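Numbering of the sequence shown is given in the working numbering, commencing with residue 259 and proceeding in unit increments.
We put the beta carbon where it would ideally sit given N, CA and C, even for glycine.
Just so it is clear, the structure is predicted and the values come from calculations on it, not from any experiment.
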Amino acid sequence: MRRFLRDNGLSVAFGLLFLAALAGQAVAGLADFNNRQVLEGGQTVSLGSFLASSDFAVDVSENWQSEYLQFFLYILATVWLVQRGSPESKPPGRIGLESDEDQRVGRYATERSPKWARTGGWRTAVFSRSLCIAMGSLFLFSWLAQSIAGLSTFNEEQLAQLTDPVSWPQYVAGADFWNRTLQNWQSEFLAIGSMAVLSVYLRQRGSPESKPVGAPHDVTEKSG
259 MRRFLRDNGL
269 SVAFGLLFLA
279 ALAGQAVAGL
289 ADFNNRQVLE
299 GGQTVSLGSF
309 LASSDFAVDV
319 SENWQSEYLQ
329 FFLYILATVW
339 LVQRGSPESK
349 PPGRIGLESD
359 EDQRVGRYAT
369 ERSPKWARTG
379 GWRTAVFSRS
389 LCIAMGSLFL
399 FSWLAQSIAG
409 LSTFNEEQLA
419 QLTDPVSWPQ
429 YVAGADFWNR
439 TLQNWQSEFL
449 AIGSMAVLSV
459 YLRQRGSPES
469 KPVGAPHDVT
479 EKSG
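Here you go:
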């Protein structure tokens, strides 16, 4: 167990932080929801009912989709775009998909390489893009979940105000959906851009997200 925790400390730590934050969001969200219900003359709900509600689902899914979009675009963009001096970037001379030898696929694969990196054909082509495929799929799933939950919440508000509900296409094309969506997107794009630039000039000793402390600012190194 000690070795497992050491070898998987990053995923375990962030998994626990995720669960703690999700639980905190559930408790705080329930309190906020019930406060609004009291002010509007409605009935309060239990924690179980709130967790199964569209209000909770839309708040969770709109954050998830922006995170997965951030990583999908970042992984894809760093194939072709570079930032000289940033450990978040490849060196300028390695722009593009790189050669099979550099990527150790096909006849350049080793015995320890994943099977689909060695087989060639469509399997290697898919495996070579599997991270972007996974992140893109998770983004689309989260985006769809957000749109469905957001539609339900929006129509509940419409009916409470004695106005007509809208269809899914109308909601997805409307201001409420894009206001929620773009609030999250802009913050993600700002954060990733800031990281790429700040890591050129600032350091964190021992972190692979930083260059070595003594590395020159204009040297593009991957690990510290």
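- Scanning its chain for C-beta atoms nearer than 8 angstroms, with the 5 sequence neighbours on each side dropped, one finds around N321 the residues N442, in chain order.
- Below 8 angstroms, too few C-beta pairs join the stretch 373-380 and the stretch 397-406 to call them touching: fewer than three.
- Contact between Q323 and Q404 holds, with the beta-carbon distance rounding to 5 angstroms and staying under 8 angstroms.
- T478 places its beta carbon less than 9 angstroms from that of G343.
- Linking S452 to D290 through their CA atoms gives a straight-line distance of about 32 angstroms.
- G364 has its alpha-carbon roughly 30 angstroms from the corresponding atom of Q341.
- M453 carries a helical assignment under DSSP once its states are collapsed to helix, strand and coil.
- Burial state of D317 is buried, judged by a 10 Å Cβ sphere holding 16 or more other Cβ atoms.
- Counting of Cβ neighbours within 10 angstroms places Q328 among the buried residues, the total reaching 16 or more.
- Pairing L448 with R260, the inter-Cα distance amounts to about 38 angstroms.
- The closest CA to that of N437, considering only Q416, S425, G408, is found on G408.
- Annotation for Y332: the continuous alpha helix (DSSP H) segment containing it runs 312-338.
- N413 and Q428 have their C-alpha atoms some 11 angstroms from each other.
- When S445, A473, Q444, I333 are compared, the shortest CA-CA separation from S457 is found for A473.
- The Cβ-Cβ distance between W338 and I353 falls below 9 angstroms.
- Sequence-distant partners of D422 (beyond 5 residues in either direction) whose C-beta falls short of 8 angstroms from its own C-beta, in its chain, are Q416.
- At a Cβ-Cβ threshold of 9 angstroms, I450 and M393 do not count as neighbours.
- The distance from the Cβ of F314 to that of A278 is about 16 angstroms, inconsistent with a contact at the 8 angstroms cut-off.
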